[in-house]
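In terms of the UniProt record's numbering, the sequence shown opens at residue 1 and continues consecutively.
To start, the structure under review is shown below, and the notes come after it.
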Amino acid sequence: MKKNLIVIAIALLISSCDQHQSQDEKLSFKPSELLDDFKNDSLTIELRKEKLAGFLQQTSALKNDTLKKKNYLQASYYAATIDSALFLRANANAIKYARALKDSLGLAGAFWDRGFFFSEIGGYRESYNAYQKASDLYLAKKEPIKAARLLINMAILQTNVKDYVGSEVTTIRALKVLKPLDANKYIYRCYNNLAVVYNQMNDYENSLIYHTKAYEIQKELGDNTYQKASTLNNIGVVYENMARYQDALEVYGAALKFSELNEKEPQLYAKIIDNKAFAEFKMGREENLPEDFFKALQLRESIADENGLIFSSIHLAEYYENKDQQKALKYTEKARILAEHKGNVLGLLESLRLQARLDKSRSYDHLERYIILKDSLQNEERAARNQFARIRYETDEFIAQNEYLSAQRKWIILGAAFLLIILILGFVVRHQKIKNKQLKLEKQQQKSNEEIYNLLIDQQNKLEEGRQKEKQRIAAELHDGILGKIFGIRLILSSLNAKKDQESIEIRDNYINELKRLGEEVRSISHDLDANIFDSRSGFISMVNELLNEQSILGKFEVVLNNDSSIEWEKISSKIKINLFRIMQESTYNITKYANAQQVVVIFRKQENILLALIKDDGQGFDVEANVKGIGLKNMKSRVKNLHGKINFKSGQEGTIIKIEIPINQNKKIWLSA
Numbered sequence: 001m002k003k004n005l006i007v008i009a010i011a012l013l014i015s016s017c018d019q020h021q022s023q024d025e026k027l028s029f030k031p032s033e034l035l036d037d038f039k040n041d042s043l044t045i046e047l048r049k050e051k052l053a054g055f056l057q058q059t060s061a062l063k064n065d066t067l068k069k070k071n072y073l074q075a076s077y078y079a080a081t082i083d084s085a086l087f088l089r090a091n092a093n094a095i096k097y098a099r100a101l102k103d104s105l106g107l108a109g110a111f112w113d114r115g116f117f118f119s120e121i122g123g124y125r126e127s128y129n130a131y132q133k134a135s136d137l138y139l140a141k142k143e144p145i146k147a148a149r150l151l152i153n154m155a156i157l158q159t160n161v162k163d164y165v166g167s168e169v170t171t172i173r174a175l176k177v178l179k180p181l182d183a184n185k186y187i188y189r190c191y192n193n194l195a196v197v198y199n200q201m202n203d204y205e206n207s208l209i210y211h212t213k214a215y216e217i218q219k220e221l222g223d224n225t226y227q228k229a230s231t232l233n234n235i236g237v238v239y240e241n242m243a244r245y246q247d248a249l250e251v252y253g254a255a256l257k258f259s260e261l262n263e264k265e266p267q268l269y270a271k272i273i274d275n276k277a278f279a280e281f282k283m284g285r286e287e288n289l290p291e292d293f294f295k296a297l298q299l300r301e302s303i304a305d306e307n308g309l310i311f312s313s314i315h316l317a318e319y320y321e322n323k324d325q326q327k328a329l330k331y332t333e334k335a336r337i338l339a340e341h342k343g344n345v346l347g348l349l350e351s352l353r354l355q356a357r358l359d360k361s362r363s364y365d366h367l368e369r370y371i372i373l374k375d376s377l378q379n380e381e382r383a384a385r386n387q388f389a390r391i392r393y394e395t396d397e398f399i400a401q402n403e404y405l406s407a408q409r410k411w412i413i414l415g416a417a418f419l420l421i422i423l424i425l426g427f428v429v430r431h432q433k434i435k436n437k438q439l440k441l442e443k444q445q446q447k448s449n450e451e452i453y454n455l456l457i458d459q460q461n462k463l464e465e466g467r468q469k470e471k472q473r474i475a476a477e478l479h480d481g482i483l484g485k486i487f488g489i490r491l492i493l494s495s496l497n498a499k500k501d502q503e504s505i506e507i508r509d510n511y512i513n514e515l516k517r518l519g520e521e522v523r524s525i526s527h528d529l530d531a532n533i534f535d536s537r538s539g540f541i542s543m544v545n546e547l548l549n550e551q552s553i554l555g556k557f558e559v560v561l562n563n564d565s566s567i568e569w570e571k572i573s574s575k576i577k578i579n580l581f582r583i584m585q586e587s588t589y590n591i592t593k594y595a596n597a598q599q600v601v602v603i604f605r606k607q608e609n610i611l612l613a614l615i616k617d618d619g620q621g622f623d624v625e626a627n628v629k630g631i632g633l634k635n636m637k638s639r640v641k642n643l644h645g646k647i648n649f650k651s652g653q654e655g656t657i658i659k660i661e662i663p664i665n666q667n668k669k670i671w672l673s674a
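Now the structure itself:
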């Protein structure tokens, strides 16, 4: 008997709660071009089917797969509540073309439609599987709210097959997605499902907590009479299960106070009246009974609420059980017939249980059928729970595999990045070593150049010194040798002046004057040779002059060297002179080789602290832009850059001008020689 009472309580709980939760509206996939005729509510179902079938026929003949997919998705959306065969055809094609076109969102929409369709006809396993696929696709495409809505649908399916723990887990998953997004409309549905789950698990305190949270959210969302009244009805059912009938009556009374509930939501209104009457019956307060039971019954009859009529009949049967056996049997039989007609398994179980208790003559038959049906239902629920668990396992396994692959890919990327960094570091180190080596070589080259230049200067100085010594020797010879002899002759001639004849005197005078004249001439030559020693210019200019003379012979051109006398070349640093000389070499080599010039002019000027060098020729010129990367020009630029100077090339049909400006002040760290 105690066992029977538990079964009755469960059945009444399921019937009384607003258990038939909507599986969420279908996916809001509404392209701009809709089937206008299909939307027309004035058309009969048969006519809509006919038009939809024609639409599918025309779609199948299209060549454009994208348009096919779009049309099949439209048809899938609308056919779900019209015709099973048309829906399955449209939905299968929508899935096919969405997959072929790699349209993840379209595929998710098709699976959503499929899940809704099977949930409406009791195909919970197929529905759960479709919702799972759609949710995964939406998560992958960064559509968290849609993914969470599908999780809620899955949780409700789990509740319907009594997989309460699984439903709780799935609902919490949805909440974790929705809470950061402040999606209160869907958070309400999560709280409502959790409250139903805890009620079924006899955790009434938590059930009340979540029903209250759901009610508070509804108040925040604004005027939604149905949702508020429905939540209050569910709270009342929880109070009934806790035997807190007075609290239940107060909550039912509050729900019935919503204005126009009777007109706008007659089905819910009848349910609340019936539940309130049943709570009064449980309390033993029968002043409004059985009138309230009949009020709910008549309202349900007027709106053809057959599922509601089943539980109105069951409540009346229980009310008359100890008052009028015939009436009790009558309402029990009515409930059973309606339940069989509607396929309402829970209503059928409860009516069979009551018949087994009330109809003593056929009690065994009713009880046997009750047990068979209950076992069958439990087996189906168990199979569905197992299927849900398998889908979750496969999904979790798929996620784990993806995470493993993602982690593996991450490590591969990190490894590749690390290797790349090592390679880059190796390249940088190698490049730096090469650069250091190059700098070292350049330094050595610079040192070698300076040594070569110094050797050239020394050689030039030695040559100059030899010239000077030779000049001094000749001057000394002229002065000390020839002049001495001439002076001696002059004295001898002077001593012969003793002869007094006129002719001798004139001859002697002539010789003396001639000797005097020769002496003056030799003295003049001696002084000129000695003076040249002091007029000698720098060895740098001599080297430049020698270079120009050599190249002029090879290139068959005239050379003009114009050197500013104010430039003290001996005070210009060797670094400047050797680089400038190398530039002169490169320039004159190029003129000799390519320019076909008639004249080359080299000018050295000093402008304040700037040494200016100009190299001009009247040759055929060259394309500066095309040859800017040539080794010769690059070397010239590099040399001038090392001297902190500037170099400019100007070339055309009239010839080429190379202008070089080099600072010779201390600010640019190019020091003058001491």
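Built from N, CA and C at the ideal position, the CB exists for glycine as well.
From what residue to what residue does the beta strand (DSSP E) around R605 run?
-> Walking along the sequence shown from the start, residue 605 turns up at place 605. Q599 to Q607 is the extent of the beta strand (DSSP E) around R605.
With N635 as the anchor, note down where its alpha helix (DSSP H) starts and where it stops.
-> By one-based count along the sequence shown, residue 635 stands at place 635. Under the DSSP assignment, N635 falls in the alpha helix (DSSP H) whose first and last residues are I631 to N642.
Buried or exposed by the 16-neighbour rule on C-beta atoms within 10 Å, applied to S22 = Residue 22 sits at position 22 when you count from the first residue of the sequence shown. Its pLDDT being 40, under 50, S22 is placed unreliably in this model, and the value from its coordinates should be taken loosely. Of the other Cβ atoms in all chains shown, fewer than 16 fall within 10 Å of the Cβ of S22; this residue is therefore exposed.
Q666 by DSSP, collapsed to three states: which one?
-> Your numbering for residue 666 matches position 666 in the sequence shown. Low per-residue confidence applies at Q666: pLDDT is 41, beneath 50, and the placement is therefore not dependable, though the value from the model is reported in the following sentence. Q666 falls in the helix class under three-state DSSP.
Just the Cα atoms here: how many angstroms apart are S302 and R189?
-> Position 302 of the sequence shown holds residue 302. Position 189 of the sequence shown holds residue 189. Cα to Cα, S302 sits roughly 30 Å from R189.
N-terminal and C-terminal residue of the alpha helix (DSSP H) that S573 is part of | In the sequence shown, counting from the first residue as 1, residue 573 sits at position 573. First-last for S573: undefined, no H or E at that position.
Can we say the segment 312-321 touches the segment 349-357, given the rule of at least three CB pairs closer than 8 Å?
-> Yes, they touch.
Let me know the secondary structure DSSP gives E558 once reduced to three states.
-> Within the sequence shown, the letter at position 558 stands for residue 558. E558: strand per DSSP, three-state reduction.
Consult DSSP for E661 and reduce its assignment to one of helix, strand or coil.
-> As a working note, residue 661 is residue 661 in the sequence shown. Looking at E661 - three-state DSSP - the assignment turns out to be strand.
Under the three-state reduction of DSSP, which class applies to D83: helix, strand or coil?
-> Along the sequence shown, one-based indexing puts residue 83 at 83. It is coil, neither helix nor strand.
Look at the Cβ atom of A296, then the Cβ atom of L268, and state whether they are nearer than 8 Å.
-> Residue 296 sits at position 296 when you count from the first residue of the sequence shown. Residue 268 sits at position 268 when you count from the first residue of the sequence shown. Judged by their CB atoms, A296 and L268 are not nearer to each other than the 8 Å cut-off.
What residues in its chain sit with their C-beta under 8 Å from that of K342, if we drop five residues either side in the sequence?
-> By one-based count along the sequence shown, residue 342 stands at place 342. Cβ neighbours of K342 beyond the five flanking positions: E306, N307 and I310.
May I ask you to list the residues that DSSP assigns as paired with K651?
-> Mapped onto the sequence shown, residue 651 falls at position 651. Inspection of the sequence shows that residue 651 is occupied by Ser rather than by Lys. Bridge partners of S651: T656.
Going by CA-CA distance only, name the one from A108, V165, D163 and R125 that's closest to R149.
-> What you label residue 149 is simply residue 149 of the sequence shown in a count that begins at 1. For the residues A108, V165, D163 and R125, the minimum Cα distance to R149 belongs to A108.
Can you round the beta-carbon distance between N184 and E220 to whole angstroms, since I take them to be within the 8 Å contact cut?
-> For this step, residue 184 is matched to residue 184 along the sequence shown. For this step, residue 220 is matched to residue 220 along the sequence shown. Contact holds; Cβ gap of about 6 Å.
Please report how far the alpha carbon of Q74 lies from the alpha carbon of D83, in whole angstroms.
-> Position 74 of the sequence shown, counted from the first residue, corresponds to residue 74. Position 83 of the sequence shown, counted from the first residue, corresponds to residue 83. Distance between the alpha carbons of Q74 and D83: 14 Å.
Do three or more CB pairs link the segment 596-610 to the segment 553-567 at distances below 8 Å?
-> As far as the Cβ criterion goes, the segment 596-610 touches the segment 553-567, which means the pair count is three or higher.
Please report how far the alpha carbon of N91 lies from the alpha carbon of K102, in whole angstroms.
-> Mapped onto the sequence shown, residue 91 falls at position 91. Mapped onto the sequence shown, residue 102 falls at position 102. Pairing N91 with K102, the inter-Cα distance amounts to about 16 Å.
Leaving aside the five residues before and after V251 along the sequence, list all residues of the same chain whose C-beta is less than 7 Å from its C-beta, in chain order.
-> Position 251 of the sequence shown holds residue 251. The residues are L232, I235, G236 and Y239.
Rounded to whole angstroms, how far is the Cβ of N549 from the Cβ of R639, which I believe are closer than 8 Å?
-> Position 549 of the sequence shown, counted from the first residue, corresponds to residue 549. Position 639 of the sequence shown, counted from the first residue, corresponds to residue 639. Rounded to the nearest angstrom, the Cβ distance from N549 to R639 is 23 Å, too far for a contact under 8 Å.
CB contact flag (K659, N648, <8 Å) = Position 659 of the sequence shown, counting from 1, holds the residue named residue 659. Position 648 of the sequence shown, counting from 1, holds the residue named residue 648. At the C-beta level, K659 and N648 come within 8 Å of one another.
Locate the alpha helix (DSSP H) running through I615, then write down its first and last residues.
-> Within the sequence shown, the letter at position 615 stands for residue 615. First-last for I615: I610 to D617, but that is the beta strand (DSSP E), not the alpha helix (DSSP H).
Decide if E654 is buried, meaning its Cβ has at least 16 other Cβ atoms within 10 Å, or exposed.
-> The residue labelled residue 654 in the question sits at position 654 within the sequence shown. It is exposed - the Cβ of E654 has fewer than 16 other Cβ atoms within 10 Å.
Limits of the unbroken alpha helix (DSSP H) element including A255 = Position 255 of the sequence shown holds residue 255. Here the alpha helix (DSSP H) through A255 covers Y245 to L256.
CA nearest to the CA of I553, picked from Y589, D359, D324 and N64 = Numbered from its first residue, the sequence shown carries residue 553 at position 553. Ranking Y589, D359, D324 and N64 by Cα distance to I553 puts Y589 first.
Between the CA atoms of R89 and Q57 - distance to the nearest angstrom | What you label residue 57 is simply residue 57 of the sequence shown in a count that begins at 1. What you label residue 89 is simply residue 89 of the sequence shown in a count that begins at 1. The alpha-carbon atoms of Q57 and R89 are separated by roughly 11 Å.
Straight-line gap, L612 to Q432 (C-alpha atoms, nearest Å) = Here residue 612 is taken as the residue at index 612 of the sequence shown, counted from 1. Here residue 432 is taken as the residue at index 432 of the sequence shown, counted from 1. Each residue's Cα considered, the two are about 35 Å apart.
Could you say which of D203, Q200 and Y210 lies nearest to I187 if we only look at CA atoms?
-> By 1-based counting over the sequence shown, the position of residue 187 is 187. Comparing alpha carbon positions, the residue from D203, Q200 and Y210 closest to I187 is Y210.
Nearest-angstrom Cα distance between V177 and I145?
-> Translated into the one-based positions of the sequence shown, residue 177 becomes position 177. Translated into the one-based positions of the sequence shown, residue 145 becomes position 145. Between V177 and I145, the C-alpha separation is close to 7 Å.
Using only alpha-carbon positions, find the residue among A53, D65, I591 and L62 that is nearest to S76.
-> Within the sequence shown, numbered from 1, the residue matching residue 76 stands at position 76. It is A53 whose Cα lies nearest to the Cα of S76.
Identify every residue that forms a DSSP beta bridge with N193.
-> Here residue 193 corresponds to residue number 193 of the sequence shown, with the count starting at 1. None; N193 has no bridge partner.
Beta carbon of V624, beta carbon of S587: below 8 Å?
-> The residue you call residue 624 lines up with position 624 of the sequence shown. The residue you call residue 587 lines up with position 587 of the sequence shown. Going by C-beta atoms, V624 is not nearer than 8 Å to S587.
Does the separation of the CB atoms of E168 and L208 fall below 8 Å?
-> Counting from 1 along the sequence shown, the entry for residue 168 is found at position 168. Counting from 1 along the sequence shown, the entry for residue 208 is found at position 208. At least 8 Å separates the beta-carbon of E168 from that of L208.
Could you tell me which residues DSSP pairs with N563 in its beta bridges?
-> Here the question's residue 563 lines up with position 563 in the sequence shown. Beta-bridge partners of N563 (DSSP): F604.
Presumed contact (8 Å Cβ cut-off) between A72 and T81, rounded CB distance = Position 72 of the sequence shown, counted from the start, is the residue given in the question as residue 72. Position 81 of the sequence shown, counted from the start, is the residue given in the question as residue 81. What sits at residue 72 in the sequence shown is Tyr, not Ala. At roughly 17 Å, the Cβ-Cβ gap does not stay under 8 Å, so Y72 and T81 are not in contact.
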